[in-house]
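Beneath this line is the structure, given in structure tokens, with notes to follow.
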Amino acid sequence: IRAPQNNETGPISAEQIFAVLHSLRNETSINFELVCISGEIMFFVRVPFQYKYFVESQIYAQYPDCEIEDVTDEYRKKYEEYFEHTPAAYLNLNFTDIFPIKRYPQFEDRLKRIYIDPLAAITASMLKSGNSRIDIQIKPISDKWRTLYIKCLRIYAENSLMNFDSFAKIFINAFCTRRGINRILFFPLYFVFWLIGIHAHLRSRKSDPIEEKTSRVHERENKADAAIDKISKPMFEVKICFFCDSKQVSQIAPAFYQFNLPYLNNFEILTRKHFLRRDISFILNTEELATIWHLPYNNQNGISSSISRKIEPPSMLPSPPHAATLGITDFRDYKKEFGILPSDRRRHVYILGKTGMGKSTLLMNMIFNDITAGRGVALIDPHGDLADKICDLIPSYRINDVILFNPSDKEFPIGLNLFEDNERNSITASGIISIFKKLYSESWGPRLEYILRNVVLTLLQIPNSTMLWITRILTDDQFRHSIVNQISDPLIKNFWINEFETLSMSRRLEAISPILNKVGQFLSNPLIRNILGQPTTKIDFRFIMDNKKIFI
-5 IRAPQNNETG PISAEQIFAV LHSLRNETSI NFELVCISGE IMFFVRVPFQ
45 YKYFVESQIY AQYPDCEIED VTDEYRKKYE EYFEHTPAAY LNLNFTDIFP
95 IKRYPQFEDR LKRIYIDPLA AITASMLKSG NSRIDIQIKP ISDKWRTLYI
145 KCLRIYAENS LMNFDSFAKI FINAFCTRRG INRILFFPLY FVFWLIGIHA
195 HLRSRKSDPI EEKTSRVHER ENKADAAIDK ISKPMFEVKI CFFCDSKQVS
245 QIAPAFYQFN LPYLNNFEIL TRKHFLRRDI SFILNTEELA TIWHLPYNNQ
295 NGISSSISRK IEPPSMLPSP PHAATLGITD FRDYKKEFGI LPSDRRRHVY
345 ILGKTGMGKS TLLMNMIFND ITAGRGVALI DPHGDLADKI CDLIPSYRIN
395 DVILFNPSDK EFPIGLNLFE DNERNSITAS GIISIFKKLY SESWGPRLEY
445 ILRNVVLTLL QIPNSTMLWI TRILTDDQFR HSIVNQISDP LIKNFWINEF
495 ETLSMSRRLE AISPILNKVG QFLSNPLIRN ILGQPTTKID FRFIMDNKKI
545 FI
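What follows is the structure, encoded as structure tokens:
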């Protein structure tokens, strides 16, 4: 279980989880674990497979922002290698189970309205000690034990046994023991106390102080009140084991002493030599369990937490085959392919992310989905890595639909003449001007743009003109005169005759030098020159689009 970041849900949520788990069968054991491996605290739950989804749903209900992952067999083997199979020590209650330990409401500073998370001390000691594991095994107990505890409390409260601690301890241990052999050994004593209980019940039948005590204030509770508070909640048989070496036990176990209440109950450490002589299980209610095990409150160092919050996908999420696949939802156990509809893609898709975050992979998945679905695709890849990957993914039945435009091919360059389209002169001219403006924005000016625009508009009216003619029309007078004689647009013709030709040689050189510098630098690259310098375009983009070809 990965805890949510900035978790503001306290142990009360864990208490609700344990309360629901009490409804499981008595023989069902569930293990809640705190594990420290390589400086990271992780939370695990071991549960029988038939109750997996039930327990998972209860955790999600109380911690909706947490993440739950199934532990794989490979990870389980690696995980078990860190720890011994035999516990190094157990926790046990020093006094009888009927009295509680310190609970989470008692960790609140009501004046300052501050809650001190008791889990922080445990996780800090585990981080300091190294690789370690704390296993909390719980098993629901039946209501018959609550009935027995109530009888015990009635005798305890009404016969002033609370004033004699030693005698009270013997009485409660005899009356409330859960081990069958002990109940047989203590039967005579149990019978005596049972008669005392009947007498006490008949004497106080009109007024039952046990049933009247329904409120609790932890700071001022006496023993009877505390015991009533404990048995009023669902209870579990609990075992708390330490899987680490003895030195680590001495570092981690003292963190549990914060739950000690000297006048009620406290924890003690049982090492291996005590295992056969002592009952290592004890009783805790849901509130006590939630105090010990819950997802950490607010951020704590070293806690394995979720990276980001995950929200539930909408019910009408677009999915294949009508949508181009983007990925698979990652919300709890809800795994479904989703994508983007063609109508949404026509509104443009803009992908942002740092290096290595998966931008190219996302594009590759979308392109591959389009190719396998028989749709047309055009990919312009300045780096070439994505283009190479796409070429490897093209299925055999679409090989004949591929047009590969490799600008680095020196032997057979593909012609691409930007001046070939004479029907939309102004749009083409604006596109060419914008290319140079983006390339040389730092040294761009209105006079440069004005002359270059007229040059481009002029060449767009001349058949078989190319970008190589830009510098030639500005520097070759004879060539320029032959071109101007072919122009039909009066405004452009007026520019050459009445504006450009009237300039003195020095002013003309001053005006055209920035253009020659920029265009000449652009065309000096032989790869670009061989492509843009051909009079005929070898690629029909209209045909590629209409016939659903693959252009790379």
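With the working numbering, letter number 287 in the sequence shown gets 281, and the count goes up by one each step, no holes.
Heads up, the beta-carbon is just placed ideally off N, CA and C, and yes, glycines get one too.
- Message: By the three-class DSSP mapping on this structure, what secondary structure does A82 have?
- Response: Three-state DSSP puts A82 in coil, outside helix and strand.
- Message: DSSP three-state label for R40, please.
- Response: Strand at R40.
- Query: Which first and last residues belong to the alpha helix (DSSP H) in which C385 is found?
  - Reply: C385 -> alpha helix (DSSP H) spans D379 to L387.
- Assuming G296 contacts T117 (C-beta within less than 8 Å), just tell me the rounded distance between them. For a cut-off of 8 Å, the C-beta gap from G296 to T117 is around 7 Å, short enough to register as a contact.
- Item | Segments of 4+ residues assigned as alpha helix (DSSP H) that fall wholly inside the segment 45 to 89 | 46 to 56 and 67 to 75, all fully within the segment 45 to 89.
- Buried or exposed: G321, going by 16 or more other Cβ atoms within 10 Å of its Cβ? Here G321 is exposed: its Cβ has fewer than 16 other Cβ atoms, across all protein chains shown, within 10 Å.
- Task: Taking all protein chains shown into account, decide if L87 is buried (16 or more other Cβ within 10 angstroms of its Cβ) or exposed.
- Result: Around the beta carbon of L87, 16 or more other beta carbons sit within 10 angstroms, so the residue counts as buried.
- Task: Would you mind working out which of I345, P376, P389 and A115 sits nearest N363, comparing C-alpha positions?
- Result: The candidate whose alpha carbon is nearest that of N363 is P389.
- Name the one or two DSSP bridge partners that Q131 has. BP columns for Q131 point to N25 and K233.
- Item | Reference I263; option with closest CA among F253, S244, G378 and E281 | Scanning F253, S244, G378 and E281 for the CA closest to the CA of I263 turns up S244.
- Message: Please classify K138 as buried or exposed, where buried requires at least 16 other C-beta atoms within 10 Å of its C-beta.
- Response: In this structure K138 is exposed. Its beta-carbon is surrounded by fewer than 16 other beta-carbon atoms within 10 angstroms.
- Output the distance between the C-alpha atoms of D129 and F43, rounded to the nearest integer angstrom. In a straight line, the C-alpha of D129 is about 19 Å away from that of F43.
- Residues near P401 by beta carbon distance below 7 Å, same chain, minus five either side: Take P401, set aside five residues on each side of it, and the residues of its chain with a beta-carbon closer than 7 Å to its own are L521 and I525, in chain order.
- 7 Å Cβ shell around E614 - same chain, five flanking residues per side excluded: This structure cannot settle anything about residue 614, because the visible part of the chain is limited to -5 through 546.
- Message: Whole angstroms are fine: how far does the CA of R369 sit from the CA of G378?
- Response: In this structure, the CA atom of G378 is about 22 Å from the CA atom of R369.
- Message: Tell me the DSSP secondary structure of F545 in three-state form.
- Response: Secondary structure of F545 (DSSP, three-state): strand.
- Query: Would K200 be called buried (16 or more neighbouring beta carbons within 10 Å of its own) or exposed?
  - Reply: Because K200 sits at a pLDDT of 44, beneath the cut-off of 50, its placement in the model cannot be relied upon, and the following sentence gives the value as read from the coordinates. So K200 counts as exposed.
- So, do the segment 242 to 257 and the segment 66 to 79 have three or more beta carbon pairs nearer to each other than 8 Å? A contact is defined here as three or more CB-CB pairs under 8 Å, and the segment 242 to 257 fails this definition with respect to the segment 66 to 79.
- Can you give the beta carbon distance from F26 to I132, rounded, assuming they're within the 8 Å contact cut? About 7 Å; that satisfies the 8 Å criterion.
- Query: E34 bridges to which residues according to DSSP?
  - Reply: DSSP output for E34 lists I31 as bridge partner(s).
- Which ranges would you report for the alpha helix (DSSP H) in the segment 414 to 466 if only whole runs of at least 4 residues count? Counting whole runs of 4 or more residues, the segment 414 to 466 contains the alpha helix (DSSP H) stretches 419 to 433 and 440 to 454.
- Can you name, in chain order, every residue of its own chain whose Cβ lies under 7 Å from the Cβ of I31, other than the five neighbours on each side? Cβ neighbours of I31 beyond the five flanking positions: Y76 and N125.
- Query: So is T349 buried or exposed if we call it buried at 16+ other beta carbons inside 10 Å?
  - Reply: Exposed, by the Cβ-count rule.
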